[in-house]
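Counting along the sequence shown from 1, when you hit position 37 you're at 36 in numbering that gives the first Met the number 0, and nothing is skipped either side.
For glycine and all other residues, C-beta sits at the position ideal for the given N, C-alpha and C.
See below for the structure under consideration.
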Amino acid sequence: MVSPDKLKIIEVEFLRHKKDTLTAYIFLVFFWFIGLHKFYLGRNTEGVIFLSLPVLSSVFTIFGFFMINDFFFYSGLVLAGIFALMFVFDLFTLWKQVEKANERIYRDIFEKITGIPYSSVFPT
């Protein structure tokens, strides 16, 4: 059993660290080209992918265009298409990604403060 004092501390810590859906969408819309919304949610691997795809796409497309190399040109276009699909996917699923990030944050705070595994108190 978790004491009410610990639950209050958990709630305060969670409110300090939780992620906001509006902020994530603002990052997605205005900073889409650097994947800031992914870094904000703690999904750093996806953030690096979001950061590198536009750069690689641009380099491949420009290099392929000026060097008259179809492979690089079309590779750049494919990378741009993948990036566009990722952007559209995030546009529709970002709210759920924020929910999952907040669940992870709450679970981590709960386990850190109580020392009890979250799954033993709240089975899924």
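*asked:* Using the Cβ count rule (16 or more neighbours within 10 Å means buried), how would you classify F121?
replied: exposed
*Thinking C-alpha only, which one of F26, F59 and K99 is nearest K134?*
The first residue shown for the chain is 0 and the last is 123, placing residue 134 beyond what the model contains.
*Report yes if the C-beta distance between L40 and Q96 is below 7 Å; otherwise report no.*
yes
*asked:* Buried or exposed for G34, going by 16 or more other Cβ atoms inside 10 Å?
replied: buried
*Just tell me which of A23, L6, M0 and F13 has its CA closest to the CA of L93.*
A23
*Would you be able to state if there are at least three C-beta pairs under 8 Å between the region 69-82 and the region 106-116?*
no
*T20 versus F88, F86, H36 and G46, residue with shortest Cα-Cα distance*: H36
*Determine the DSSP secondary structure at G41, reduced to helix, strand or coil.*
coil
*Rounded to the nearest angstrom, how far is the Cβ of I81 from that of E12, given a contact under 8 Å?*
At roughly 38 Å, the Cβ-Cβ gap does not stay under 8 Å, so I81 and E12 are not in contact.
*Could you tell me whether the Cβ atoms of L27 and D89 are closer together than 7 Å?*
yes
*Pull up the distance between the alpha-carbon of F38 and that of L14, whole angstroms please.*
19 Å
*Return the chain-ordered ranges of every alpha helix (DSSP H) run that is complete within the region 46-117 and spans a minimum of 4 residues.*
69-113
*Exposed unless 16 or more other CB atoms sit within 10 angstroms - verdict on F59*: buried
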